[in-house]
Amino acid sequence: MFCGGGDLTKEDAWPLWLLRRIGADGPGEMHSVRGPGLPQKWRVGKAGIRIGTVCRQCNNGWMSNLETAAKPVIESLLDGANTNLACDSQRILGAWAIKGAMVLEPLRLKPGVFTAQERAQFRQSLLLPPHTKVWVAKVVDSPGATCETSDLFSKTSSSADQVRGYVTTMAFGELAIQVLTFRLPFAVSPSTDINADMRPGPWDSTAIQVWPSLQSPVTWPGKMGLNGESGLHAFSQRWIPLSDPETATG
Ligand SMILES: [Zn+2]
Numbered sequence: 078m079f080c081g082g083g084d085l086t087k088e089d090a091w092p093l094w095l096l097r098r099i100g101a102d103g104p105g106e107m108h109s110v111r112g113p114g115l116p117q118k119w120r121v122g123k124a125g126i127r128i129g130t131v132c133r134q135c136n137n138g139w140m141s142n143l144e145t146a147a148k149p150v151i152e153s154l155l156d157g158a159n160t161n162l163a164c165d166s167q168r169i170l171g172a173w174a175i176k177g178a179m180v181l182e183p184l185r186l187k188p189g190v191f192t193a194q195e196r197a198q199f200r201q202s203l204l205l206p207p208h209t210k211v212w213v214a215k216v217v218d219s220p221g222a223t224c225e226t227s228d229l230f231s232k233t234s235s236s237a238d239q240v241r242g243y244v245t246t247m248a249f250g251e252l253a254i255q256v257l258t259f260r261l262p263f264a265v266s267p268s269t270d271i272n273a274d275m276r277p278g279p280w281d282s283t284a285i286q287v288w289p290s291l292q293s294p295v296t297w298p299g300k301m302g303l304n305g306e307s308g309l310h311a312f313s314q315r316w317i318p319l320s321d322p323e324t325a326t327g
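As numbered in this note's numbering, residues 78 to 327 make up the sequence shown, in order.
Here it is in structure tokens:
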């Protein structure tokens with residue numbers, strides 16, 4: 078999916094070292110929700126979720142390098158102590174999260190989150206796609222390893238001329254990571270800041286933006302944590318769908 082290579086291998090969407098680290102590597106259920114109103118659970122065994130869309134070269138090459146770079150940063154967040162994330166650690170975390178959102182994209186109801194060109198540039202030079210932001214938040218009483226996606230555009234409209242927002246929220250034990258990316262029907266500079274409105278919530282105290290980095294260093298964790306599965310779900314659903322005002326108040 079990144080280079081067009083044909084020698085496909087089963088990439089672990091959730092790296093095994095991370096599942097082991099949070100004690101989620103045994104057989105069990107992984108909860109996944111694809112889009113509002115469409116809950117779906119994936120039954121997973123020891124191997125976690127494996128997605129056969131990545132070629133062996135990518136998996137053993139740049140993706141493995143990114144994993145190696147991200148591992149100490151992620152471990153420092155899971156250690157339980159307060160820690161500071163410098164700008165370069167924030168970027169690695171952002172890149173790792175975006176890689177996760179790209180690898181998980183085929184499981185979404187409505188793909189089209191990232192373009193082939195964005196995946197290619199990410200592979201070649203770890204260039205992060207434009208109009209994409211990443212946050213981390215601490216989860217208290219974490220439900221384990223979860224992934225929840227939502228689409229910030231009208232389900233009914235198939236028109237290509239609307240702004241589309243895509244949210245991917247992944248959680249691994251105490252660490253939640255959220256990727257928000259926008260697809261725009263018009264050309265704008267990559268540096269133009271695109272935003273969606275949020276539902277009320279303690280997001281300033283819980284969510285720490287790591288990409289683009291706003292501050293260096295940032296302190297982990299935030300003042301407040303997300304409270305278990307319901308807190309995580311509220312975090313995942315904090316963005317108000319664009320051009321869908323009926324559900325915006327719900
Ligand atoms: Zn490849």
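From the three backbone atoms N, C-alpha and C, an ideal C-beta is built for every residue, glycine too.
Just so you know, these numbers come straight off a predicted model, no measurement behind them.
Do three or more CB pairs link the stretch 151-159 to the stretch 197-212 at distances below 8 Å? At 8 Å Cβ cutoff, the stretches do not touch.
Starting from the N-terminal end, write out each residue whose C-beta falls within a distance shorter than 6 Å of any non-hydrogen atom of ligand 1. Those satisfying the condition are, in chain order, 79, 80, 82, 132, 134, 135.
Looking only at DSSP bridge pairs, what is residue 316 linked to? According to DSSP, which records beta bridges pairwise, residue 316 is partnered with 275.
Which of helix, strand or coil DSSP assigns to residue 99: Note: residue 99 maps to coil in three-state DSSP.
Three-way DSSP call (helix, strand, coil) for residue 269 in this model: DSSP places residue 269 outside both helix and strand once states are collapsed to three, so it counts as coil.
Please name the residue in 288, 224, 280 whose C-alpha comes closest to that of residue 258. For the residues 288, 224, 280, the minimum Cα distance to residue 258 belongs to 288.
Looking only at its chain, what residues have a beta carbon closer than 6 Å to the beta carbon of residue 255, apart from the 5 residues adjacent to it on each side? Taking C-beta separations shorter than 6 Å and ignoring five residues to either side along the sequence, the partners of residue 255 in its chain run 212, 246, following chain order.
Rounded straight-line distance, which links the Cα of residue 134 to that of residue 83: One C-alpha to the other measures close to 10 Å.
According to DSSP, what are the bridge partners of residue 253? In the DSSP output, where bridge partners are listed per residue, residue 253 has 214, 248.
Three-pair Cβ contact test at 8 Å for the stretch 308-319 versus the stretch 216-232: Taking a contact to require three or more Cβ pairs closer than 8 Å, the stretch 308-319 and the stretch 216-232 qualify as touching.
Quick one: using the 10 Å Cβ neighbour count with 16 as the cut-off for buried, is residue 168 buried or exposed? Under this definition residue 168 is a buried residue.
Length of the line joining the Cα atoms of residue 131 and residue 79: So the alpha carbons of these two residues sit roughly 7 Å apart.
Leaving out the 5 sequence neighbours to the left and right, which residues in its chain are closer than 6 Å to residue 188 when beta-carbon positions are compared? Closer than 6 Å at the Cβ level, and outside the excluded window around residue 188, lie 182.
On the DSSP bridge assignment, give the partners of residue 296 in chain order. Checking the DSSP bridge columns, you'll see residue 296 partnered with 161.
In three-state terms, what does DSSP make of residue 187? Correct three-state label for residue 187: coil.
When the Cα of residue 261 is compared with those of 277, 239, 204, which residue comes out closest? Comparing Cα positions, the closest option is 239.
Exposed or buried, what is residue 305 when buried is set at 16 or more other beta-carbons lying within 10 Å of its beta-carbon? Per the 10 Å Cβ criterion, exposed.
Check for me: the alpha helix (DSSP H) holding residue 222 runs from which residue to which? Where residue 222 is concerned, there is no enclosing alpha helix (DSSP H), although the beta strand (DSSP E) it sits in stretches over 222-228.
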